[in-house]
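Residue numbers (full-length UniProt numbering), protein chains in the order written: chain A, 1 to 284; chain B, 1 to 103.
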């Protein structure tokens with residue numbers, strides 16, 4: 001390939017990456033620029049050095065277009081962190097599921113059935129961050145930073161009381177509804193523990209509603225109880241069936257897993273807040 | 001660090017040399033001869049961007065040789081050059097004062 005052919009090939013590669021209306025014009029100019037840069041030299045090596053100085057065709061083409069940023073640099077670390085956390089959770093749950101019913105090749109089952117399909121998670125996250133970045137650019141006023149409201153521990157008594165009544169009703173329904181057929185083993189051994197912890201948690205919330213605010217003790221009790229309930233629920237589900245009908249059992253376990261994930265996130269937030277408060281109070 | 005420092009003045013350097021029509025390679029040579037070497041991959045797309053923003057106008061000329069695109073300042077470009085030159089002088093005066101205080 002001689003120098004002219006090499007330059008023509010490079011220009012064609014750049015041009016095909018540009019919008020159609022820009023192609024002919026930029027290609028003509030780029031060719032004239034490259035020939036100017038080449039000057040009197042006619043050897044292919046010199047042409048190679050000239051095009052190398054412009055970078056890969058994709059890079060050269062990108063410089064002729066307005067920059068397009070889908071993921072803000074400030075979002076890159078949160079995106080990576082949440083991608084890895086999400087993937088780790090999906091892979092671990094998938095591994096546990098495969099371990100429960102191991103086939104002839106559990107590694108292949110895990111890889112093809114869990115790892116490859118789990119790539120939906122970074123895709124969804126990326127889309128979320130990209131939409132967020134677009135929204136911030138489109139409506140910058142809405143994206144302005146605002147201070148968080150000061151956390152005084154005050155609770156909305158009426159709102160919390162309504163939620164409390166709802167949870168008490170739900171707990172009573174779980175115990176008394178005649179069409180819920182619990183697995184006998186669950187009913188005899190694991191169920192009472194779950195029920196006892198739910199009642200203790202409801203008592204704690206009743207105390208908080210009566211006091212009208214959270215304090216350090218009730219916050220710590222709440223975190224501890226959440227961890228305890230989470231642990232007991234994991235044990236109750238892992239030890240066997242909760243309901244007699246398989247489809248009800250699967251559905252309820254799925255819902256409980258979602259609740260556990262939300263609760264785990266909540267516990268992490270509350271624990272961080274407590275540690276922050278503890279750090280502030282011990283430093284003053 | 002030096003690269004970032006230079007990146008901030010490239011636009012003004014280019015505008016300063018386009019009082020008359022010049023083609024890209026000629027402009028790059030002129031800037032390099034005066035101590036402001038700009039990479040080819042940076043300069044030529046910058047000319048297009050400045051033109052799309054209305055700071056430059058261009059036309060194809062042959063001038064007896066192969067056809068080349070020539071660029072010069074538009075009226076908006078002259079106003080932009082004057083504004084950036086004023087900012088640059090203020091900035092250098094401020095920096096001089098800061099650096100005098102530091103030495």
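Glycine included, each C-beta is placed from N, C-alpha and C at the ideal position.
Rounded straight-line distance, which links the Cα of residue 120/A to that of residue 94/A: Computed Cα separation, rounded: 14 angstroms.
Taking the alpha helix (DSSP H) that residue 59/B falls in, what are its first and last residues? Residue 59/B -> not in any alpha helix (DSSP H); beta strand (DSSP E) instead, spanning 56-61.
Let me know if residue 48/B comes out buried or exposed under the rule of 16 or more other beta-carbons within 10 Å of its beta-carbon. Buried is the call here.
Counting only Cβ pairs nearer than 7 angstroms, list the residues of chain B close to residue 35/A. Under the 7 angstroms cutoff, chain B gives 66.
With residue 230/A and residue 264/A assumed to form a contact (beta carbons below 8 angstroms), what rounded beta-carbon distance in angstroms separates them? With a Cβ gap of about 7 angstroms, residue 230/A and residue 264/A count as contacting.
Could you give the residue range of the beta strand (DSSP E) that holds residue 182/A? If you look at residue 182/A, you'll find it isn't in any beta strand (DSSP E); DSSP assigns it neither H nor E.
Which residues of chain B have a Cβ atom closer than 7 angstroms to the Cβ of residue 29/A, listed in chain order? In chain order: 69.
For residue 20/B, which residues of its own chain have a beta-carbon under 8 angstroms away from its beta-carbon, when the five flanking residues on both sides are left out? The answer, listed in chain order, is 72.
Of the residues 188/A, 198/A, 262/A and 151/A, the one placed nearest residue 173/A, counting alpha carbons only: Nearest option by C-alpha distance: 198/A.
I'd like the span of the alpha helix (DSSP H) that includes residue 3/B, first residue to last. Secondary structure note for residue 3/B: its alpha helix (DSSP H) is the uninterrupted segment 2-7.
Suppose the cutoff is 7 angstroms on Cβ atoms and the five residues either side in sequence are ignored; what does the same chain contact list for residue 80/B look like? Contacts found: 15 and 55.
Please list the terminal residues of the continuous alpha helix (DSSP H) segment that includes residue 81/B. Residue 81/B -> alpha helix (DSSP H) spans 75-102.
Starting from the beta carbon of residue 48/B, find every residue of chain A whose beta carbon is closer than 7 angstroms, and list them in chain order. Neighbours of residue 48/B on chain A, chain order: 64.
Are the Cβ atoms of residue 61/A and residue 54/A separated by less than 8 angstroms? Cβ distance not < 8 angstroms, so residue 61/A and residue 54/A don't count as in contact.
Is the Cβ-Cβ distance between residue 30/A and residue 14/A less than 8 angstroms? At a Cβ-Cβ threshold of 8 angstroms, residue 30/A and residue 14/A count as neighbours.
To test your reading of the DSSP string, which unbroken beta strand (DSSP E) runs of 3 or more residues are found completely within the stretch 183-243 of chain A? As far as the stretch 183-243 of chain A is concerned, it has no whole beta strand (DSSP E) run of at least 3 residues.
Residue 102/A: buried (16+ other C-beta within 10 angstroms of its C-beta) or exposed? By the neighbour-count rule (16 or more Cβ atoms within 10 Å), residue 102/A is not buried but exposed.
Residue 70/B (DSSP reduced to helix, strand or coil): Reduced to three states, the DSSP call for residue 70/B is strand.
Extent of the continuous alpha helix (DSSP H) to which residue 136/A belongs: DSSP places residue 136/A inside the alpha helix (DSSP H), whose first and last residues are 120-138.
According to DSSP, simplified to helix, strand and coil, what is residue 22/B? If DSSP states are grouped into helix, strand and coil, residue 22/B belongs with the strands.
Tell me the DSSP bridge mates of residue 154/A? When DSSP reads this structure, residue 154/A sits in a beta bridge with 213/A.
Cβ distance (whole Å) where residue 64/A is taken to contact residue 26/A below 8 angstroms: Correct: roughly 6 angstroms between the Cβ atoms.
Taking C-alpha atoms, which residue in 75/A, 37/A, 144/A and 273/A lies nearest to residue 220/A? Closest by alpha carbon: 273/A.
So is residue 40/B in contact with chain A if we call contact Cβ pairs under 8 angstroms? Using a CB distance cut-off of 8 angstroms, residue 40/B counts as an interface residue toward chain A.
Using 8 angstroms as the threshold, is the stretch 133-152 of chain A in touch with the stretch 81-99 of chain A, meaning 3 or more CB pairs across them? Touching, no, given that fewer than three Cβ pairs across the two stretches are closer than 8 angstroms.
Would you say residue 32/A faces chain B, with C-beta separation under 8 angstroms as the test? Residue 32/A counts as touching chain B.
Does the Cβ of residue 2/A have 16 or more other Cβ atoms within 10 Å, making it buried, or fewer, making it exposed? With fewer than 16 other Cβ atoms within 10 Å, it is exposed.
Taking the CB atoms as reference points, tell me whether residue 166/A and residue 71/A lie closer together than 8 angstroms. Going by C-beta atoms, residue 166/A is not nearer than 8 angstroms to residue 71/A.
Residues of chain D with CB closer than 8 angstroms to the CB of residue 54/A, please, in chain order. Within the model displayed, chain D is absent; protein chains A and B are what it includes.
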